[in-house]
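See structure below.
2 protein chains.
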Amino acid sequence: MTGVEQIDRQIVRLLARNGRMSYTDLGKETGLSTSAVHQRVRRLEQRGIIKGYTAVLDYEALGLPLTAFVSIKPIDPSQPDDSPELLVDIPEIEACHSVAGDENYILKVRVASPSALEELLARIRAKANVSTRTIVVLSTPYEQRAPAI
Amino acid sequence: MTGVEQIDRQIVRLLARNGRMSYTDLGKETGLSTSAVHQRVRRLEQRGIIKGYTAVLDYEALGLPLTAFVSIKPIDPSQPDDSPELLVDIPEIEACHSVAGDENYILKVRVASPSALEELLARIRAKANVSTRTIVVLSTPYEQRAPAI
DNA sequence: GTTGAAAACCCCCCGAC
DNA sequence: GTCGGGGGGTTTTCAAC
Numbered sequence: 569m570t571g572v573e574q575i576d577r578q579i580v581r582l583l584a585r586n587g588r589m590s591y592t593d594l595g596k597e598t599g600l601s602t603s604a605v606h607q608r609v610r611r612l613e614q615r616g617i618i619k620g621y622t623a624v625l626d627y628e629a630l631g632l633p634l635t636a637f638v639s640i641k642p643i644d645p646s647q648p649d650d651s652p653e654l655l656v657d658i659p660e661i662e663a664c665h666s667v668a669g670d671e672n673y674i675l676k677v678r679v680a681s682p683s684a685l686e687e688l689l690a691r692i693r694a695k696a697n698v699s700t701r702t703i704v705v706l707s708t709p710y711e712q713r714a715p716a717i
Numbered sequence: 569m570t571g572v573e574q575i576d577r578q579i580v581r582l583l584a585r586n587g588r589m590s591y592t593d594l595g596k597e598t599g600l601s602t603s604a605v606h607q608r609v610r611r612l613e614q615r616g617i618i619k620g621y622t623a624v625l626d627y628e629a630l631g632l633p634l635t636a637f638v639s640i641k642p643i644d645p646s647q648p649d650d651s652p653e654l655l656v657d658i659p660e661i662e663a664c665h666s667v668a669g670d671e672n673y674i675l676k677v678r679v680a681s682p683s684a685l686e687e688l689l690a691r692i693r694a695k696a697n698v699s700t701r702t703i704v705v706l707s708t709p710y711e712q713r714a715p716a717i
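Residue numbers (the working numbering), protein chains in the order written: chain A, 569 to 717; chain B, 569 to 717.
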């Protein structure tokens, strides 16, 4: 994997801020022609540097007002931990990070209510044979900000 | 805030999976005309349910291979905690969540190296007058998955 | 709220530099 | 790697149902 040059970084930054920006506008911002920008974006996509595009959502309005971070640890530490595979089909789990520290994984989950969280935690424990530690998010001042590149 | 109906939820789900999907394709998926889909998307944007669109990036390829969760707590708990405002101009901070529990906020940060993380933590402590606790991410099996709606 | 059509715009490919 | 052009598709608006 070779480096990503300055102009590509600018394109990436612009697309992180507005994933639907047109190639025409990207060209105006970067000083390149539409074709040149288009080709660069396609190469960024092919190289996997841009993995895709997504809508940024208001989860509260969508009926999932409760976010939490769930740290998990196997009940039986002698067994291999396949939690990511075991939990991948639980749609309430938005993200799964393997982490250093006392616990193996940190999950970010979104649910409709405290009771839905309770039920989800039971499901996670049962499926992956883990203990859970949960930190409830009260509010989110900011999220999904553009990268420092 | 009124409810979001079924067809709107489907549109949101599709745009979460592919933020650049055309209105034509959205119409084919939902069984609506292009115009009807377009109008619904615009209303979802105006209502703030769709806050925007963003590119999903490979941070490793972009030179930010190290992700961490940084929990922060004021040195002086008697003072009001304005950490989000104090830290908002630090671009390495991708997200800031106010949380229940022993600490006040959880930050998600992306940096180039361990030494860059060390320097960032010093900057966070100095700017917000907080103590920090850091959990380093080793790998991310999945992230930014489509919501369970 | 949905439809269908029309016009402007953009995407996308191609050849040339 | 970048530029410019052209055909085809898409976005966007609008009147009508």
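Beta carbons: idealized from backbone N, C-alpha and C, even for Gly.
- A contact between stretches requires three or more CB pairs, one per stretch, nearer than 8 Å, and the stretch 638 to 651 of chain B fails this requirement with the stretch 670 to 681 of chain A.
- The contact set of S707 (chain A) on chain B, defined by CB atoms closer than 8 Å, consists of H665 and S666 in chain order.
- When A:A716, A:V705, A:V667 and A:A690 are compared, the shortest CA-CA separation from S699 (chain A) is found for A:A690.
- Approximately 11 Å separates the beta-carbon atoms of L612 (chain B) and I575 (chain B); this is outside 8 Å, ruling out the contact.
- An exposed status is given to P659 (chain A), since fewer than 16 other beta-carbon atoms sit within 10 Å of its beta-carbon.
- Secondary structure at R588 (chain A): coil, using DSSP grouped into helix, strand and coil.
- Closer than 7 Å to the CB of T622 (chain A) there is at least one CB belonging to chain B.
- The Cβ of P633 (chain A) sits no closer than 7 Å to any Cβ of chain B.
- Apart from sequence neighbours up to five positions away, the residues of its chain that approach S601 (chain B) with a beta-carbon distance below 8 Å are G595, ordered along the chain.
- Taken through DSSP and simplified to helix, strand or coil, V609 (chain A) comes out as helix.
- For L706 (chain A), there is no enclosing alpha helix (DSSP H); the residue is part of the beta strand (DSSP E) that begins and ends at V698 to Y710.
- If you keep only unbroken beta strand (DSSP E) runs of at least 3 residues inside the stretch 634 to 696 of chain B, you get 634 to 642, 661 to 667 and 673 to 679.
- Chain-order list of chain B residues neighbouring P715 (chain A): L625, Y627, L630, L632, P659, E662 and R678, by C-beta distance under 8 Å.
- Looking from the CA of G620 (chain A), the closest CA among B:A716, B:Q712 and B:Y591 belongs to B:Q712.
- With the criterion set as a beta carbon lying under 8 Å from some beta carbon of chain A, the members of the stretch 576 to 598 of chain B are R577, V580, L583, A584, R585, N586, G587 and R588, in sequence order.
- Here I661 (chain A) is not near V667 (chain A), since their CB atoms are 7 Å or more apart.
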